[in-house]
Structure formats: C-alpha cells, structure tokens
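A.B. asks: In order, the protein sequences belong to chains A and B.
The opening position of the first sequence corresponds to residue 71 in my numbering, with each subsequent residue numbered one higher.
The opening position of the second sequence corresponds to residue 56 in my numbering, with each subsequent residue numbered one higher.
Quick reminder that beta carbons are idealized off the backbone N, C-alpha and C, glycines included.
A single structure is presented below for examination.
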Amino acid sequence: MKYKDYYETLGVPRTATQDEIKQAYRKLARKYHPDVSKLADAEARFKEINEANEVLKDPEKRTAYDQMGSNWKAGQDFQPPPNWDAGFEFRGGQGSPFGAGGTFGAGADFDPSDFFETLFGRRGAGPSAGRRRTSAQGEDHHAKVLIDVEDAYRGAERTISLRAPVEGPDGRVQMQERTLDVHIPKGIRPGQHLRLAGQGNAGIGGGKPGDLYLEIAFNPHSRFRVDGADVYVDLPLAPWEAALGASVDVPTPDGTVQLTVPKGSSAGRKLRLKGRGLPGKNPGDLYAVLAIVVPKAETDAARAAYESLANAFPNFQPRPNS
Amino acid sequence: MNDTISSALRGSVVEDDIELTIVELCRACRTSEHEIELWVVEGVLQPRGESRESWRFGGDALARIRVATRLTRDLDLNAPGVALALDLLDRIAELESRLVR
C-alpha cells in the first residue's frame with residue numbers, strides 16, 4: 071500500500087487552517103469536478119481531492135492522520151503503526167470500520183483508496199446495525215458502458231462486472247463481484263441510460279433488489295462523429311471531383327454507400343444521407359462533410375496542369391473582399 | 056446480428072421508453088423529494104402532472120438529477136446555483152455539438 075499525502079493533494083501546508091483547507095478543496099473541486107471538467111484525468115483527480123478533503127476537513131481524522139508523522143512521502147510503501155488509532159472515536163482497520171450511520175459526508179459515490187480504507191474503514195462494510203432486522207429495497211446501482219458507434223447500428227452484447235455490497239447470513243455486508251451479460255439495443259445514443267429492473271443491489275431482509283442503470287458512452291472513432299442521432303463523416307474530394315461532380319464511396323458505420331457529389335461543391339458543404347444515422351423510431355441522418363484535398367505540384371506535368379487551370383480562370387477571385 | 060435468442064439481459068432505454076415518478080428518481084439518484092421539488096421550482100426539471108404525487112418525469116431527468124445531486128453535494132451549491140450550472144453545461148454541450156458538425 072502506498073502512502074498518500076493529503077496535504078500535497080489539496081496543495082496546502084500541514085499547518086493550514088480548516089478554512090484554508092475548505093477553500094483549497096472548493097477551488098480544486100470546481101476545477102476537477104467530473105460533471106464540469108473536460109480534463110482527461112478529471113475523474114481520478116477529483117477522487118483524490120475528495121478523499122483528501124474527507125480526512126482533512128474532519129479535525130479528528132486529520133489529527134489521527136497527522137500523528138503518523140510528516141516524514142512519509144506520497145507513493146512510499148506504507149503500513150499503519152500498531153494502535154495508531156487508539157483514543158479516537160472512529161475505529162480504523164479492517165475489523166471495525168464504520169457501520170451504517172458512519173460519518174462520511176462525501177455521499178454514495180465516495181470510492182476510497184486502500185490507503186483510506188485501511189486507516190478509516192469502508193462505509194457499509196461493517197455490520198448494518200439498526201437496519202438488520204428491517205426490510206428495505208436494495209439500492210439502485212449505476213455503471214457506465216463504453217460501446218463503439220458500430221454497436222449502436224447493429225446492437226451488441228457486453229459483459230459487465232459490478233462490485234456491490236451483499237449481506238451475509240450474519241448480517242455483515244461484504245463487497246462481491248458479479249458479472250452480467252447485457253444486450254445493448256440497436257439505436258442507443260451516447261448519454262442514454264439502460265434500466266435493468268431488479269439487477270441493482272440486493273434487498274435487505276427480503277426487500278426487493280434495486281435496479282441497475284447503465285450509462286452508455288461511445289468510444290471516440292477515428293472516422294465518425296456522433297451528435298445525438300446524427301453521424302458525421304469527413305469526405306475528402308479531389309478538386310476535379312468537387313468541381314465536376316462525382317459518384318464516390320462514403321464509409322458509414324453500417325457499410326459503404328455511394329453518394330453523388332453535385333458539381334460545384336465547395337469544402338465544408340454537408341451532404342445528407344437521410345435516415346443513415348443511428349437507427350431507431352426517429353432515425354438520425356448521416357452527413358458527409360466535404361473537404362477538398364489539393365494534390366502537390368511536384369512534377370512538371372502537375373505544375374503545367376495547375377498553370378493551365380490558372381489560365382482557364384483569369385477572373386477567378388478566391389478572396390473577393392480583400 | 057444478435058437477432059438470435061441470447062440469454063443477455065434486456066433493459067429499457069430510460070430516455071426513450073420510461074417515465075419516472077419522484078420516488079423512483081429519489082431512489083435512482085439517491086436524493087430527497089424535497090431536493091427534487093426545489094429543482095422543479097427552479098425550472099431545472101419539468102414534470103407532467105399537477106401535484107407532487109402525480110408528477111411524471113421524462114427519462115432525461117435521470118441524468119440531469121444525477122448531475123444536480125453531485126453538484127449540490129460536492130460543491131455545496133444551492134438550487135439556483137445548480138440551475139445556473141446546468142444551464143451553462145447545456146450551453147457548453149450545444150456549442151460542443153456544433154464543433155462535431
């Protein structure tokens with residue numbers, strides 16, 4: 071297990087006041103919040119920031135953390151000293167983590183590191199005192215599934231792994247991994263959710279299981295861009311194809327189709343293939359975005375061709391307003 | 056492809072096929088009815104129906120409430136703050152989708 075330097079994570083000195091810690095956390099949380107930030111590592115960074123704040127904002131946890139000394143370096147191999155948590159209200163270690171009603175403020179998505187769990191325990195991992203004899207519906211579970219744009223055209227199957235708390239016969243809750251085969255329906259769009267009834271966390275005391283919600287995200291594609299139900303693809307043309315018109319092959323996620331490029335097409339023009347976007351009740355359209363690729367004038371013949379082109383258009387004004 | 060019978064689980068597409076009650080949304084998003092009411096007042100969500108009990112939310116409310124819940128919790132935003140953030144996120148999404156086109 072690696073030591074985590076929570077002060078370094080929040081960018082504050084070990085002597086920082088609680089207000090300074092709060093301020094540093096808020097600033098970083100706004101910057102790296104996964105719902106707001108577009109940075110690639112936002113989710114991982116936010117998790118670290120949240121965990122650091124979880125410890126440093128709580129004077130008791132902070133004192134216990136500080137007691138382990140300031141000589142540790144982030145990433146250093148670490149084992150907590152014996153009885154490091156003696157005298158604190160919370161009980162650390164694997165055997166006696168927070169039970170139900172623990173004092174975590176970071177909410178249901180809080181996903182602590184091994185380092186945090188070893189020191190402060192894991193929420194929900196203890197005996198669920200007070201809830202044990204009641205019956206309650208299991209919690210809904212959320213997960214994200216990445217698919218390719220082609221999968222949305224044809225439908226697909228994905229095997230997903232979920233880690234969820236399961237209550238044993240002794241009332242102790244343990245994390246268990248399970249896998250599910252899920253059908254991804256044809257026509258699903260990025261950002262949509264699938265609800266699988268009864269596939270969430272198990273109920274307590276005979277309560278119904280919760281539901282599983284899967285958020286669908288698309289892997290970026292080297293060729294196709296998806297906007298809602300519409301799909302965009304760049305279509306490079308030779309200058310003469312754009313000028314004279316041509317019949318060209320256009321790749322679509324569902325195979326190649328032939329498209330007539332009208333004569334006199336300019337770069338940036340979008341040609342719509344109706345109904346060739348993502349399928350569904352209201353299928354999207356596929357747009358071929360024209361680009362013009364200019365061959366290099368590297369041979370005498372090529373240079374002569376460009377010169378005769380120039381001679382053929384003595385009045386052509388590519389920059390009419392300049 | 057995949058038209059053959061398989062044992063894979065089939066779900067419903069929340070945004071296309073489902074309307075949600077306030078109770079279902081609270082459970083799915085781990086938030087309170089009170090909080091959802093505040094967001095309805097701010098115009099973040101527009102349910103069908105007159106009273107809280109008869110409210111039906113379109114499936115896209117799920118993603119919206121998930122974001123609203125996280126922003127409230129992680130950044131300590133109040134309902135008007137959440138409404139503003141969601142409006143700005145919508146605008147960013149709209150601008151980004153123009154870049155795609």
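Provide the residue span of the alpha helix (DSSP H) that contains THR369 of chain A, from first to last.
C.D. replies: It is not in any alpha helix (DSSP H) - THR369 of chain A carries neither H nor E in the DSSP assignment.
A.B. asks: By the 9 Å beta-carbon criterion, what residues does the region 58–74 of chain B contribute toward chain A?
C.D. replies: Within the region 58–74 of chain B, the qualifying residues are ASP58, SER61, SER62, ALA63, LEU64, ARG65, GLY66, SER67, VAL68, VAL69, GLU70, ASP71, ASP72, ILE73.
A.B. asks: Under 8 Å, with one C-beta from each stretch per pair, do the region 141–155 of chain B and the region 335–347 of chain A reach the 3-pair mark?
C.D. replies: Not touching, per the Cβ criterion.
A.B. asks: Quick check: what's the CA-CA separation for CYS84 of chain B versus THR124 of chain B?
C.D. replies: Cα to Cα, the separation comes out at about 7 Å.
A.B. asks: Return helix, strand or coil for LEU100 of chain B, following the three-state DSSP convention.
C.D. replies: It is coil, neither helix nor strand.
A.B. asks: Does the beta carbon of GLY81 of chain A come closer than 8 Å to any beta carbon on chain B?
C.D. replies: It does not; no Cβ of chain B falls within 8 Å.
A.B. asks: Using only alpha-carbon positions, find the residue among B:GLY98, B:ALA148, B:ILE77 that is nearest to PRO135 of chain B.
C.D. replies: The option with the nearest alpha carbon to PRO135 of chain B is B:GLY98.
A.B. asks: Please classify THR76 of chain B: does DSSP put it in a helix, a strand, or coil?
C.D. replies: Coil at THR76 of chain B, not helix or strand.
A.B. asks: Going by Cα to Cα distance, which pick from A:GLY139, A:ASP111, A:LYS256, A:LEU360 is closest to TYR77 of chain A?
C.D. replies: Ranking A:GLY139, A:ASP111, A:LYS256, A:LEU360 by Cα distance to TYR77 of chain A puts A:GLY139 first.
A.B. asks: Could you check the C-alpha separation between VAL316 of chain A and GLY270 of chain A for me, to the nearest Å?
C.D. replies: Here residue 316 of chain A turns out to be Ala, not Val, going by the sequence shown. ALA316 of chain A and GLY270 of chain A: Cα-Cα distance of roughly 54 Å.
A.B. asks: Starting from ILE362 of chain A, follow its DSSP beta bridges and name the residues at the other end.
C.D. replies: Paired residues: A:LEU307.
A.B. asks: Mind listing which residues of the region 76–101 of chain A have their C-beta closer than 9 Å to chain B's C-betas, in chain order?
C.D. replies: Within the region 76–101 of chain A, the qualifying residues are ARG96, ALA99, ARG100.
A.B. asks: For the candidate residues A:ALA337, A:VAL320, A:SER335, A:ARG132, whose alpha-carbon lies nearest to that of LEU329 of chain A?
C.D. replies: Here the closest residue by C-alpha is A:VAL320.
A.B. asks: Output, in chain order, the set of chain B residues within a Cβ distance shorter than 7 Å of GLY261 of chain A.
C.D. replies: Near GLY261 of chain A (Cβ distances below 7 Å), the residues of chain B are ALA118.
A.B. asks: Among A:HIS103, A:ARG228, A:GLU237, A:VAL303, whose alpha-carbon lies nearest the alpha-carbon of GLY273 of chain A?
C.D. replies: Checked all of A:HIS103, A:ARG228, A:GLU237, A:VAL303; the closest Cα to GLY273 of chain A is A:GLU237.
A.B. asks: To the nearest angstrom, report how far apart LEU150 of chain B and ARG156 of chain B are at their CA atoms.
C.D. replies: The straight-line gap from Cα to Cα measures roughly 10 Å.
A.B. asks: Quick check: ALA287 of chain A and ASN352 of chain A, are their CB atoms within less than 8 Å of each other?
C.D. replies: No; because the gap between Cβ atoms is not below 8 Å, this pair is not in contact.
A.B. asks: For LEU80 of chain A, which of helix, strand or coil comes out of DSSP?
C.D. replies: Note: LEU80 of chain A maps to helix in three-state DSSP.
A.B. asks: Select from A:ALA337, A:GLY325, A:ARG295, A:ARG293 the residue whose C-alpha is nearest the C-alpha of ALA308 of chain A.
C.D. replies: Of the candidates A:ALA337, A:GLY325, A:ARG295, A:ARG293, the one whose C-alpha sits nearest the C-alpha of ALA308 of chain A is A:ALA337.
A.B. asks: Name the residues in the region 264–279 of chain A whose C-beta lies less than 7 Å from a C-beta of chain B; which are they?
C.D. replies: Per Cβ criterion, the list reads LEU264, ARG265, LEU266, GLN269.
A.B. asks: Along chain B, in chain order, which residues have C-beta atoms closer than 9 Å to that of ASP251 of chain A?
C.D. replies: Chain B residues near ASP251 of chain A: SER61, SER62, ALA63, LEU64.
A.B. asks: Under 8 Å Cβ to Cβ from ILE73 of chain B, same chain only, skipping five residues before and after it: list those, please.
C.D. replies: Closer than 8 Å at the Cβ level, and outside the excluded window around ILE73 of chain B, lie SER67, GLY114.
A.B. asks: Please report the distance separating the alpha-carbon of LYS108 of chain A from that of LEU139 of chain B.
C.D. replies: Distance between the alpha carbons of LYS108 of chain A and LEU139 of chain B is about 18 Å.
A.B. asks: Could you say which of A:ILE91, A:ARG96, A:PRO150, A:GLU118 lies nearest to LYS127 of chain A if we only look at CA atoms?
C.D. replies: Among A:ILE91, A:ARG96, A:PRO150, A:GLU118, the Cα nearest to that of LYS127 of chain A is on A:ILE91.
A.B. asks: Could you name the residues of the same chain whose beta carbon sits closer than 7 Å to that of GLY165 of chain A, not counting the 5 residues immediately before and after it, in chain order?
C.D. replies: Since pLDDT at GLY165 of chain A reaches only 37, below the 50 mark, its modelled position is unreliable, and the value read off the structure follows with that caveat. Hits under 7 Å: none found.
A.B. asks: Might you give, ordered along the chain, the residues of its own chain that have their beta carbon closer than 6 Å to the beta carbon of THR322 of chain A, omitting 5 neighbours on each side?
C.D. replies: Only ARG346, LEU356 meet the Cβ criterion.
A.B. asks: List, in order along the chain, the chain B residues whose C-beta lies closer than 8 Å to that of LEU284 of chain A?
C.D. replies: Correct list: GLY66.
A.B. asks: Are any of the Cβ atoms in chain B nearer than 8 Å to that of GLU113 of chain A?
C.D. replies: Not an interface residue.
A.B. asks: Closer than 8 Å is the cut-off here; do at least three beta carbon pairs connect the region 242–260 of chain A with the region 206–223 of chain A?
C.D. replies: The region 242–260 of chain A is in contact with the region 206–223 of chain A.
A.B. asks: Relative to chain B, which residues along the region 332–350 of chain A have a C-beta separation below 7 Å, given in chain order?
C.D. replies: Listed by position, the residues of the region 332–350 of chain A near chain B (Cβ gap below 7 Å) amount to none.
A.B. asks: So which residues of chain E does ARG295 of chain A contact, with C-beta pairs closer than 7 Å?
C.D. replies: Reference to chain E is not applicable here, since the protein chains of this structure are A and B.
A.B. asks: Taking DSSP as the reference, what is the three-state secondary structure of TYR102 of chain A?
C.D. replies: Helix at TYR102 of chain A.
A.B. asks: At a Cβ cut of 7 Å, what residues of the region 117–136 of chain B count as close to chain A, listed as they run along the chain?
C.D. replies: Residues passing the 7 Å Cβ filter: LEU117, ALA118, VAL122, ARG125, LEU126, ARG128, ASP129, LEU130.
A.B. asks: Rounded to a whole number of angstroms, what is the C-alpha to C-alpha distance between GLY208 of chain A and ALA361 of chain A?
C.D. replies: Looking at the two C-alpha atoms, the distance is approximately 53 Å.
A.B. asks: Between GLU88 of chain B and ILE77 of chain B, what straight-line distance do the alpha-carbon atoms span, to the nearest angstrom?
C.D. replies: Going by the C-alpha atoms only, they are around 7 Å apart.
A.B. asks: Using 8 Å as the cut-off, can you tell me whether the region 83–102 of chain A makes contact with the region 117–134 of chain A, which would need three or more C-beta pairs spanning the two stretches below that distance?
C.D. replies: Output reads yes: the region 117–134 of chain A touches the region 83–102 of chain A.
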